[in-house]
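Trainee:
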Amino acid sequence: MTERVDVIVVGGGHNGLVCAAYLAAAGRKVLVLEARDRVGGAALTEEFHPGFRNSVYSYSISLLHPKVMADLDLAAHGLEVLERPAGTLSMLDGDHLQLTREDRQVHEELARFSRRDAERIGAFEAEISEVAMALRTLAMEAPPNFGGGWRDALALLKGGNALRKLDSRHQMVLGELMTRSLGDHLDAWFESEALKGLFGFEGIIGNFRDPYDAGTAYVLLHHAFGEVNGKAGAWGIARGGMGAISDAMAGAARARGVRIETEAPVAKILVENGAACGVVTEDGREFRAPAIAANVHPQLLLTRLLDAESLEPDDRRRIDAYRSHSATLRMNVALSELPRFTSMTGRDDFHFLGAIEFSPSLGYLQDAYRDARDRGWARRPVISMQIPSTQDDSLAPPGGHVASLFCQHFNRHLPDGRSWDEVREEVADVVIDTIDAHAPNFRASVVGRQIKTPLDIERDLGMVGGDIFHGALHLDQFYSMRPIPGHAGYRMPTKGVYLCGSGAHPGGGVSGLPGHNAARVILRDH
Numbered sequence: 035m036t037e038r039v040d041v042i043v044v045g046g047g048h049n050g051l052v053c054a055a056y057l058a059a060a061g062r063k064v065l066v067l068e069a070r071d072r073v074g075g076a077a078l079t080e081e082f083h084p085g086f087r088n089s090v091y092s093y094s095i096s097l098l099h100p101k102v103m104a105d106l107d108l109a110a111h112g113l114e115v116l117e118r119p120a121g122t123l124s125m126l127d128g129d130h131l132q133l134t135r136e137d138r139q140v141h142e143e144l145a146r147f148s149r150r151d152a153e154r155i156g157a158f159e160a161e162i163s164e165v166a167m168a169l170r171t172l173a174m175e176a177p178p179n180f181g182g183g184w185r186d187a188l189a190l191l192k193g194g195n196a197l198r199k200l201d202s203r204h205q206m207v208l209g210e211l212m213t214r215s216l217g218d219h220l221d222a223w224f225e226s227e228a229l230k231g232l233f234g235f236e237g238i239i240g241n242f243r244d245p246y247d248a249g250t251a252y253v254l255l256h257h258a259f260g261e262v263n264g265k266a267g268a269w270g271i272a273r274g275g276m277g278a279i280s281d282a283m284a285g286a287a288r289a290r291g292v293r294i295e296t297e298a299p300v301a302k303i304l305v306e307n308g309a310a311c312g313v314v315t316e317d318g319r320e321f322r323a324p325a326i327a328a329n330v331h332p333q334l335l336l337t338r339l340l341d342a343e344s345l346e347p348d349d350r351r352r353i354d355a356y357r358s359h360s361a362t363l364r365m366n367v368a369l370s371e372l373p374r375f376t377s378m379t380g381r382d383d384f385h386f387l388g389a390i391e392f393s394p395s396l397g398y399l400q401d402a403y404r405d406a407r408d409r410g411w412a413r414r415p416v417i418s419m420q421i422p423s424t425q426d427d428s429l430a431p432p433g434g435h436v437a438s439l440f441c442q443h444f445n446r447h448l449p450d451g452r453s454w455d456e457v458r459e460e461v462a463d464v465v466i467d468t469i470d471a472h473a474p475n476f477r478a479s480v481v482g483r484q485i486k487t488p489l490d491i492e493r494d495l496g497m498v499g500g501d502i503f504h505g506a507l508h509l510d511q512f513y514s515m516r517p518i519p520g521h522a523g524y525r526m527p528t529k530g531v532y533l534c535g536s537g538a539h540p541g542g543g544v545s546g547l548p549g550h551n552a553a554r555v556i557l558r559d560h
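The numbering of the sequence shown is my numbering, which starts it at 35 and goes up by one.
Written out as structure tokens, the structure is:
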């Protein structure tokens with residue numbers, strides 16, 4: 035017999051689980067269908083080398099919204115978030131820039147490079163934080179659609195009110211950050227290449243652009259939304275890896291009555307009389323519901339799960355042209371010992387409790403982008419390293435460690451018709467060598483590695499082009515333009531179909547907000 039429920043959630047990634055939990059808490063009968071053998075999507079922990087476990091894709095916590103954490107009571111379901119206390123260590127040629135969370139240390143360290151920058155850093159960070167907090171309010175609401183009805187007018191009014199709370203100076207700053215290039219914005223503030231390179235990394239995370247392209251400054255704001263344990267702008271890790279987040283969310287959903295099926299890939303969304311009425315899985319089973327929440331990439335939703343021919347010509351053209359290419363490569367490495375950075379000789383190991391960045395200047399970022407655009411990948415890649423086993427000893431055997439390597443830029447399209455499967459080991463060696471140039475024991479300490487190229491990310495997770503954000507976070511794919519104009523408020527062109535994944539507002543990252551916001555819209559409609 036065909037099973038009937040109130041809502042079917044397609045995809046058990048973290049946003050799908052959040053959406054399902056909120057719907058079930060409101061009394062709806064919810065079924066989650068996940069294609070893989072486990073839930074979590076990109077928030078996943080696994081053993082990648084005997085005795086060594088780590089987060090496979092996403093690896094750090096900041097954007098996970100405190101309201102989502104509280105509403106789902108994730109702590110009661112086992113989630114423990116550990117703050118990364120050490121700040122950031124940026125590796126330079128023969129030197130380093132180390133910024134902790136102590137104002138005096140930051141001032142003294144920056145003064146080594148520029149006294150003017152040391153005096154300006156506080157004002158810069160306060161300005162970014164103020165504007166980011168205003169945009170965070172918008173992240174909690176469905177954006178208005180162009181030419182929409184009274185609900186869209188109300189959403190527009192709410193958004194305007196949130197931004198009007200900014201004083202005139204910060205409104206001007208917002209205008210600059212939404213239109214300016216990352217490079218121009220940092221040049222206007224600072225003179226030290228080391229500091230500009232460090233902030234530049236924040237602006238090119240998952241953003242395959244030259245740092246001097248207009249509009250690239252916005253991503254600085256996107257990564258300033260977060261907090262950890264009540265501390266704004268802080269970053270942390272989940273004890274047990276990012277899979278602990280998904281496990282807690284799945285536990286919260288099940289406690290509210292959600293049924294979750296894994297190894298149940300959906301082949302098609304069923305439509306009758308212009309409205310969704312259910313789904314059919316690849317093994318031929320049929321489930322019925324008047325509402326379908328899709329935690330999948332918007333291109334897959336609108337052109338595969340739904341009949342692309344049913345789209346209006348303008349919608350079809352726009353979704354076909356949707357840009358999805360974060361140029362990201364992820365690696366996990368099992369280590370026999372901690373890296374010994376030449377420039378840190380004689381210092382304690384406190385810096386391993388934070389992020390270690392290989393992004394020494396804006397020029398370095400430009401070279402990495404141009405290399406990847408023209409040759410497939412950066413010969414000197416941008417790398418962010420974290421070693422979570424320094425806080426969570428469950429991830430590695432005694433004496434060993436695991437390192438998360440988040441790397442830019444690696445083009446989804448390789449020249450000369452080559453495949454990422456052909457060059458994966460060669461490219462991984464480039465990443466290892468880049469770190470080894472600063473820590474000469476690094477290559478010899480690697481006892482195992484896990485490589486996730488853009489092609490792997492697409493195949494594993496359905497993220498088209500390997501885009502970690504389910505679509506580039508550029509201004510024409512942001513807010514009322516995300517994923518395409520006219521369908522920004524989570525409602526898709528087919529009645530009863532909703533987008534609850536990172537391809538919807540406010541975009542990618544482990545925030546839970548697309549799932550939270552989509553659930554509210556579904557409850558209003560049903």
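The beta carbon of each residue, even a glycine, is placed where N, CA and C say it ideally should be.
Computed from a predicted model, the values in this text were never measured in an experiment.
What are the complete alpha helix (DSSP H) segments, minimum 4 residues, inside the segment 368-414?
Mentor: Runs of the alpha helix (DSSP H) inside the segment 368-414: 396-409.
Trainee: In the DSSP assignment, find the alpha helix (DSSP H) that holds GLY451 and state where it starts and stops.
Mentor: If you number the sequence shown from 1, residue 451 lands on position 417. It is not in any alpha helix (DSSP H) - GLY451 carries neither H nor E in the DSSP assignment.
Trainee: What does the alpha-carbon distance come out to for the pair GLU210 and HIS219?
Mentor: If you number the sequence shown from 1, residue 210 lands on position 176. If you number the sequence shown from 1, residue 219 lands on position 185. Roughly 8 Å between the two C-alpha positions.
Trainee: Just curious, the alpha helix (DSSP H) that ALA160 is in, first and last residue?
Mentor: In the sequence shown, residue 160 corresponds to position 126, counting from 1. Run containing ALA160: 149-173, per the alpha helix (DSSP H) assignment.
Trainee: How long is the line joining the alpha carbons of HIS443 and GLY308, rounded to whole angstroms?
Mentor: Residue mapping note: residue 443 aligns to position 409 of the sequence shown, counting from 1. Residue mapping note: residue 308 aligns to position 274 of the sequence shown, counting from 1. In a straight line, the C-alpha of HIS443 is about 42 Å away from that of GLY308.
Trainee: Which residue comes first and which comes last in the alpha helix (DSSP H) that contains MET212?
Mentor: Working through the sequence shown from its first residue, we reach residue 212 at position 178. Counting along the chain, the alpha helix (DSSP H) containing MET212 begins and ends at 202-213.
Trainee: Run through the DSSP bridge pairs and tell me what ASN366 is partnered with.
Mentor: Here residue 366 is taken as the residue at index 332 of the sequence shown, counted from 1. Looking at the DSSP assignment, ASN366 forms a beta bridge with SER438 and GLN484.
Trainee: Within a Cβ cutoff of 8 Å, which residues of the same chain sit near GLU225, ignoring the five residues on either side of it in sequence?
Mentor: Against the sequence shown, residue 225 aligns to sequence position 191. If we look at GLU225 and ignore the five residues flanking it on each side, its Cβ neighbours are SER148, ARG150 and ASP151.
Trainee: Here's a check: name, in chain order, each residue in its chain whose Cβ is nearer than 7 Å to the Cβ of ARG135, leaving out the five neighbours to either side.
Mentor: Position 101 of the sequence shown, counting from 1, holds the residue named residue 135. Excluding positions up to five away in sequence, the list reads PRO119 and GLY121.
Trainee: For MET526, which of helix, strand or coil comes out of DSSP?
Mentor: If you number the sequence shown from 1, residue 526 lands on position 492. Correct three-state label for MET526: coil.
Trainee: Per DSSP, LEU254 is paired with what?
Mentor: Within the sequence shown, the letter at position 220 stands for residue 254. Answer is none; LEU254 lacks a bridge partner.
Trainee: Could you give the residue range of the beta strand (DSSP E) that holds LEU533?
Mentor: Taking the first residue of the sequence shown as 1, we reach residue 533 at position 499. Residues 531-533.
Trainee: Does the Cβ of GLN139 have 16 or more other Cβ atoms within 10 Å, making it buried, or fewer, making it exposed?
Mentor: By 1-based counting over the sequence shown, the position of residue 139 is 105. Exposed, since its Cβ has fewer than 16 Cβ neighbours within 10 Å.
Trainee: Classify SER453 as buried or exposed, calling it buried when 16 or more other Cβ atoms lie within 10 Å of its own Cβ.
Mentor: The count along the sequence shown starts at 1 and reaches residue 453 at position 419. With fewer than 16 other Cβ atoms within 10 Å, it is exposed.
Trainee: So what does LYS302 bridge to, in DSSP terms?
Mentor: Residue 302 sits at position 268 when you count from the first residue of the sequence shown. According to DSSP, which records beta bridges pairwise, LYS302 is partnered with VAL314.
Trainee: Could you tell me which residues DSSP puts in a beta bridge with ASN88?
Mentor: Walking along the sequence shown from the start, residue 88 turns up at place 54. In DSSP, ASN88 forms a bridge with GLU80.
Trainee: Given a cut-off of 8 Å on the beta-carbon distance, is the pair PRO332 and PRO449 in contact?
Mentor: In the sequence shown, residue 332 corresponds to position 298, counting from 1. In the sequence shown, residue 449 corresponds to position 415, counting from 1. Contact: no.
Trainee: Relative to the C-alpha of LYS265, which residue among CYS311, PRO474 and SER163 is closest?
Mentor: Residue mapping note: residue 265 aligns to position 231 of the sequence shown, counting from 1. When only C-alpha atoms are compared, the closest one is SER163.
Trainee: Could you give the C-beta distance for SER393 and VAL416, rounded to a whole number, given that I count them as a contact under 8 Å?
Mentor: As a working mapping, residue 393 is identified with position 359 in the sequence shown. As a working mapping, residue 416 is identified with position 382 in the sequence shown. Confirmed, Cβ separation roughly 5 Å.
Trainee: For HIS447, count the other beta carbons within 10 Å of its own beta carbon; 16 or more makes it buried, fewer makes it exposed. Which is it?
Mentor: Locating residue 447 in the sequence shown gives position 413, counting from the first residue. The residue is exposed, with fewer than 16 neighbouring Cβ atoms inside 10 Å.
Trainee: Is the beta carbon of ALA538 within less than 7 Å of some heavy atom of the ligand COA?
Mentor: The ligand COA is absent from the structure shown, which contains no ligands of any kind.
Trainee: Tell me, please, whether the segment 274-285 touches the segment 73-90 by the rule of three or more beta-carbon pairs shorter than 8 Å.
Mentor: Judged by Cβ distances under 8 Å, the segment 274-285 makes contact with the segment 73-90, as three or more pairs qualify.
Trainee: For the pair the segment 475-487 and the segment 323-341, tell me if three or more CB-CB distances fall below 8 Å.
Mentor: Touching, no, given that fewer than three Cβ pairs across the two stretches are closer than 8 Å.
Trainee: How is LEU507 classed by DSSP in three states: helix, strand or coil?
Mentor: For the purposes of this step, residue 507 is taken as the residue at position 473 of the sequence shown. In the structure shown, LEU507 sits in coil (DSSP, three-state: anything other than H, G, I, E or B).
Trainee: Going by beta carbon distance, what residues of the same chain come within less than 7 Å of GLN132, once the five residues before and after it are set aside?
Mentor: What you label residue 132 is simply residue 98 of the sequence shown in a count that begins at 1. Around GLN132: LEU123, GLU143 and HIS385.
Trainee: Distance, Cα to Cα, ASP455 vs LEU489?
Mentor: On the sequence shown, position 421 is the one that residue 455 refers to. On the sequence shown, position 455 is the one that residue 489 refers to. Between ASP455 and LEU489, the C-alpha separation is close to 8 Å.
Trainee: Out of VAL115, HIS257, GLU227 and ALA228, which has the shortest C-alpha to C-alpha gap to GLY237?
Mentor: Working through the sequence shown from its first residue, we reach residue 237 at position 203. Ranking the options by Cα distance to GLY237, first place goes to HIS257.
Trainee: Put ALA248 into one of helix, strand or coil per three-state DSSP.
Mentor: In the sequence shown, residue 248 corresponds to position 214, counting from 1. Strand, per DSSP.
Trainee: For the segment 501-516 against the segment 530-542, are there 3 or more C-beta pairs whose distance is under 8 Å?
Mentor: They touch, by the three-pair rule.
Trainee: Cβ of SER358 within 8 Å of Cβ of ASP501?
Mentor: Taking the first residue of the sequence shown as 1, we reach residue 358 at position 324. Taking the first residue of the sequence shown as 1, we reach residue 501 at position 467. Cβ atoms of SER358 and ASP501: closer than 8 Å.
Trainee: For ARG62, is the classification buried or exposed, using 16 other Cβ atoms within 10 angstroms of its Cβ as the cut-off for buried?
Mentor: By one-based count along the sequence shown, residue 62 stands at place 28. Answer is buried; the Cβ neighbour count reaches 16.
Trainee: Can you name the start and end residues of the beta strand (DSSP E) that GLY270 belongs to?
Mentor: Residue 270 sits at position 236 when you count from the first residue of the sequence shown. Start and end: 270-272.
Trainee: Please state if the CB of ALA287 and the CB of LEU65 are separated by a distance shorter than 8 Å.
Mentor: In the sequence shown, residue 65 corresponds to position 31, counting from 1. In the sequence shown, residue 287 corresponds to position 253, counting from 1. No, they are not a contact pair.
Trainee: Measuring alpha carbon to alpha carbon, tell me which residue in GLY535, ARG525, VAL544 and LEU547 is nearest ARG185.
Mentor: Residue numbering aside, residue 185 sits at position 151 when the sequence shown is read from its first letter. Comparing Cα-Cα distances from ARG185 to each of GLY535, ARG525, VAL544 and LEU547, the minimum goes to ARG525.
Trainee: Span of the alpha helix (DSSP H) holding SER479?
Mentor: Counted from its first residue, the sequence shown places residue 479 at position 445. That run of the alpha helix (DSSP H) goes 476-479.
Trainee: Taking 8 Å as the cut-off, decide whether the C-beta atoms of SER438 and GLN425 are in contact.
Mentor: Mapped onto the sequence shown, residue 438 falls at position 404. Mapped onto the sequence shown, residue 425 falls at position 391. Going by C-beta atoms, SER438 is not nearer than 8 Å to GLN425.
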